[in-house]
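If you read the sequences in order, they're chains Y and P. Residues in the first sequence are numbered consecutively from 239, following the numbering used here. Residues in the second sequence are numbered consecutively from 1232, following the numbering used here. First up is the structure itself, then whatever we jot down about it.
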Amino acid sequence: MTFQALQNLSAPLSGLDRDALRARIDHISRHAHADDPPGPAVQPTGFADFDALLPGGGWPLGAITELMPEAQGIGELSLLLPALAKLSRAGRYLMWIAPPCLPYPPALVRHGLVLDRLLLVQAQDARAALWAAEQALRCPAIGAVLAWPAALDDRRVRRLQLAAETGGSCGLLYRPPLAALQPSPAALRLRLKALGPGLQVEIQKARGGRAHALVVHPAAAVRA
Amino acid sequence: MLWLCIQLPRFALEASAGDACALVPTHRLPDAAPAALKTLALWAMQWSDQVSSQLTADGDAALWLEIGASRRLLGEHAQLRACVAEALTPLGYTHRLGIAPTVQGAALLARAGLTASAVTRAQLLQLLAPLPLALLALPDEQLIALRGTGLRLIGELLALPIASIARRFGPDAALYLQRLRGALPEPLRFVQTPPRFESRCEFADAISETTTLLFPLQRLLAGLQGYLRARDRAVQRYELCLEHHRGALTRLVIGLARPGRDAAQLLALARERLAATVLAAPVHGLRVAADELLQPVLLQNDLFSRAAQHSEQFQQVLDRLAARLGAGAVQALGHTAEHRPERAWHMSAAQLSAPPAAGPEHAALELPRRPCWLLPQPRPIDKPQQLLAGPERIESGWWDGADVARDYYLAREADGAQLWVYQDLRAGGWHVHGIWA
């Protein structure tokens, strides 16, 4: 049927025929996918070897990812930039809730981010920041929400996880390295360490995937 | 003409109630009911541009909406009736509805609690016939006189010749019955939409919790929504005024990023704002005012594309964030072509932007390598142990007095952190300016 539809496409069509045809193609393609098991929605990280280790092959959408870097300045933000750049180019907004420093526009533009889509939210305190993160996560127009919560309990992460499920966006939480000792309902938990010139990413937990996998990124690729 | 009558039998009492739970306030306020009825009449104007209201000395109230003209637009009257009842319930007013081709007929059907509607006069007479005379809106002495004649039902009374009714029960009773059945027109005064919206309410018991203000505020905003729909306008901001003792006021301006008129949305923004507000004193009254009326941008009816819907939802998030965190809390970043790193960026208030144009990607690569984080102020440090790259000399700004002469390097710390550092070429000191996160 698809073949027939394609053949028809080559003939000149009136607007009405074209609409009918499009509806039929939609129907066929929907039908074709209906039998496939629904995989988790993801946003590829932009690092092929890293994607290969993640369930679905990327940052999970509609879920919370926790990043636990051992120190600031080891490439913990650069790891996100290819995915954030893609999302912003697709017109999705990126909400940065109370970041610890100024996200530096010349670097972001160099990495391909569309600055129009990046918004900074300033919050008076940790509570307001969490509230803002939850609001942002619920909104489907927002592709990714980044937050740097100082302290966070299970219940809070679960709330954020639910909010992300509602909005379908990618919730990215930077947490202190000690947070790795507590369990968390986040879908993906990563420990980040500087390793030589690169960044070592340890998958501590991946919902629907393997834990304790290890991947090393050369600095040149990550921080170029 | 077709009338929808909304009977509000406990109106004066319910209008003075500050919150939904305390439906019986400690005392009634003389001014509460007229102000509340004015607001409710504006609320009703979303369905009809001919709305009339009445408040009796006993404290019950009624609204009449002419729905003959709008009936076709809004669907059948049964649907409209359900719609009005549904919108009325959260406002906390006890109500009964009636639909009939005459004003008095609609009121009588509402009082009788009939769910059936009369669309024609014949249907009205049929519905009225088996009802007791006590439902007629006549003074008590006339009702007693009627009962004395042995009549019991409205149908029996209406069967009598009108001249004999006038002779036996007086001209007023005859006039009322003629209007009830539609033989004579009903003189009504209609509510006018004022050029600006202002609505207020007062509380019998002062309120000291902001959450308690939401219930009365909801009533005022329902009025604002009705007013805006009636005029096909929207607002981008409205003023919420909390009235304290002795004329003291707390003024809050609630802003929307895009013109809107949905009461639920307006209330949600006020809720966030009130949650972040500490009451200086108990609140005795509330006032909502809107001056600037704008063209509505997106109506709820145009079931717009997903993109537009997304941008609408995004807008609402921006509004909520601004309401709770302050107007300047959400900001956008910009890139400035400037050599001095601290001046190569700017910040502005966030607003909705058009979908990004797919710019040439290679343009970005022509930019120099820069760290993702910039420190708000360069921080002095000792000379770094390990320099991985550099120097990149930046000398600029001699023309505006903020000139710099620096050599920038990529430095590596013991814990693996990479920093963007510079040596000041004049003073010789070292500083961290950014973090290669």
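Ideal placement from N, C-alpha and C gives every residue a C-beta, glycine not left out.
Taking the alpha helix (DSSP H) that residue i belongs to, which residues open and close that run?
| i | result |
| --- | --- |
| ASP289 of chain Y | 286-289 |
| GLU1503 of chain P | 1494-1506 |
| CYS1314 of chain P | 1308-1319 |
| ALA1275 of chain P | 1263-1275 |
| SER316 of chain Y | First-last for SER316 of chain Y: undefined, no H or E at that position. |
| GLY1565 of chain P | Careful: GLY1565 of chain P lies outside any alpha helix (DSSP H), inside the beta strand (DSSP E) at 1561-1566. |
| SER1247 of chain P | 1242-1247 |
| GLY296 of chain Y | Element bounds for GLY296 of chain Y: n/a, residue is neither H nor E. |
Looking at the secondary structure, which residues open and close the beta strand (DSSP E) in which residue i lies?
| i | result |
| --- | --- |
| PRO1490 of chain P | 1480-1491 |
| ALA1511 of chain P | Note, ALA1511 of chain P: premise wrong, no beta strand (DSSP E); not H, not E. |
| LYS324 of chain Y | Not the beta strand (DSSP E): LYS324 of chain Y falls in the alpha helix (DSSP H), residues 319-327. |
| GLN1373 of chain P | No beta strand (DSSP E) contains GLN1373 of chain P, which is instead part of the alpha helix (DSSP H) from 1371-1379. |
| GLU1474 of chain P | 1466-1474 |
| GLU1597 of chain P | No beta strand (DSSP E) holds GLU1597 of chain P; DSSP gives it neither H nor E. |
| ILE1237 of chain P | 1234-1239 |
| GLY1665 of chain P | 1661-1666 |
| LEU1650 of chain P | 1649-1655 |
| LEU305 of chain Y | 301-307 |
| PRO387 of chain Y | Run containing PRO387 of chain Y: none; DSSP gives neither H nor E here. |
| ARG1610 of chain P | 1604-1612 |
Is the shortest distance between the beta-carbon of residue i and the beta-carbons of chain Y less than 9 angstroms?
| i | result |
| --- | --- |
| SER1627 of chain P | no |
| LEU1556 of chain P | yes |
| ILE1485 of chain P | no |
| ILE1673 of chain P | Only positions 1232 to 1668 of chain P appear in the structure, and residue 1673 of chain P is not among them; the question remains open. |
| HIS1662 of chain P | no |
| GLU1674 of chain P | No information on residue 1674 of chain P is available, as it lies outside the stretch 1232 to 1668 that chain P covers here. |
| GLN1562 of chain P | yes |
| GLN1531 of chain P | With a pLDDT of 44 at GLN1531 of chain P, under the threshold of 50, the predicted position of this residue should be treated as unreliable, and no value is reported. |
| ALA1589 of chain P | With a pLDDT of only 46 at ALA1589 of chain P, under the threshold of 50, the placement of this residue in the model should not be trusted, and no figure is reported. |
| ILE1330 of chain P | no |
Kindly give me the distance between the Cβ atoms of residue i and residue j, rounded to whole angstroms, as I take these residues to be in contact under 8 angstroms.
| i | j | result |
| --- | --- | --- |
| ALA336 of chain Y | VAL359 of chain Y | 7 angstroms |
| PRO1609 of chain P | HIS1664 of chain P | 5 angstroms |
| LEU1556 of chain P | ALA366 of chain Y | 6 angstroms |
| GLY1457 of chain P | LEU1235 of chain P | Wrong, their Cβ atoms sit about 14 angstroms apart, outside the cutoff. |
| GLY300 of chain Y | PRO282 of chain Y | Incorrect: roughly 15 angstroms between the Cβ atoms, too far for contact. |
| GLN1562 of chain P | LEU357 of chain Y | 7 angstroms |
| ALA1558 of chain P | ILE1485 of chain P | 11 angstroms between Cβ atoms; not a contact. |
| ALA1648 of chain P | GLY284 of chain Y | Actually they do not touch by this definition, with Cβ atoms about 22 angstroms apart. |
Tell me, please, whether the CB atom of residue i is closer than 9 angstroms to any CB atom in chain P?
| i | result |
| --- | --- |
| VAL347 of chain Y | yes |
| GLU314 of chain Y | yes |
| TRP297 of chain Y | no |
| PRO415 of chain Y | no |
| LYS431 of chain Y | yes |
| CYS408 of chain Y | no |
| TRP386 of chain Y | no |
| GLU403 of chain Y | no |
| LYS443 of chain Y | no |
Let me know the secondary structure DSSP gives residue i once reduced to three states.
| i | result |
| --- | --- |
| LEU1448 of chain P | helix |
| ARG448 of chain Y | coil |
| ASP1638 of chain P | strand |
| SER1627 of chain P | strand |
| ARG461 of chain Y | Because ARG461 of chain Y carries a pLDDT of 45, less than 50, the predicted location of this residue cannot be relied on, and no value is offered for it. |
| PRO341 of chain Y | strand |
| GLU1297 of chain P | strand |
| ARG427 of chain Y | strand |
| ARG268 of chain Y | In this prediction, ARG268 of chain Y has a pLDDT of 46, which is less than 50 and means its spatial position is unreliable; nothing more can be read from the coordinates. |
| ALA1658 of chain P | coil |
| GLY1557 of chain P | coil |
| PRO1572 of chain P | helix |
| SER1279 of chain P | coil |
| ALA382 of chain Y | strand |
| GLN442 of chain Y | strand |
| LEU1669 of chain P | Chain P is shown only over 1232 to 1668; residue 1669 of chain P falls outside these bounds and no answer can be derived. |
| GLY1621 of chain P | strand |
| GLN310 of chain Y | coil |
| ARG1521 of chain P | Per the sequence presented here, residue 1521 of chain P reads as Ala, with Arg not at that position. Note: ALA1521 of chain P maps to strand in three-state DSSP. |
| ARG1460 of chain P | helix |
| GLY1632 of chain P | coil |
With respect to 8 angstroms, is the separation between the Cβ of residue i and the closest non-hydrogen atom of the ligand HEM below this value?
| i | result |
| --- | --- |
| PRO1599 of chain P | This structure lacks the ligand HEM; in fact it carries no ligand of any kind. |
Fill in: Start-end ranges of the beta strand (DSSP E) lying completely within the segment 345-378 of chain Y, minimum 3 residues
356-359
Item to complete: Tell me the start and end of each unbroken alpha helix (DSSP H) in the segment 1398-1444 of chain P that is at least 4 residues and wholly inside, in chain order.
Response: 1402-1412
Practice prompt. Give, in chain order, every unbroken run of the beta strand (DSSP E) that is at least 3 residues long and sits entirely within the segment 1321-1361 of chain P.
Written response: 1327-1331
Worksheet entry | Uninterrupted alpha helix (DSSP H) stretches inside the segment 392-421 of chain Y (no shorter than 4 residues) | 392-405
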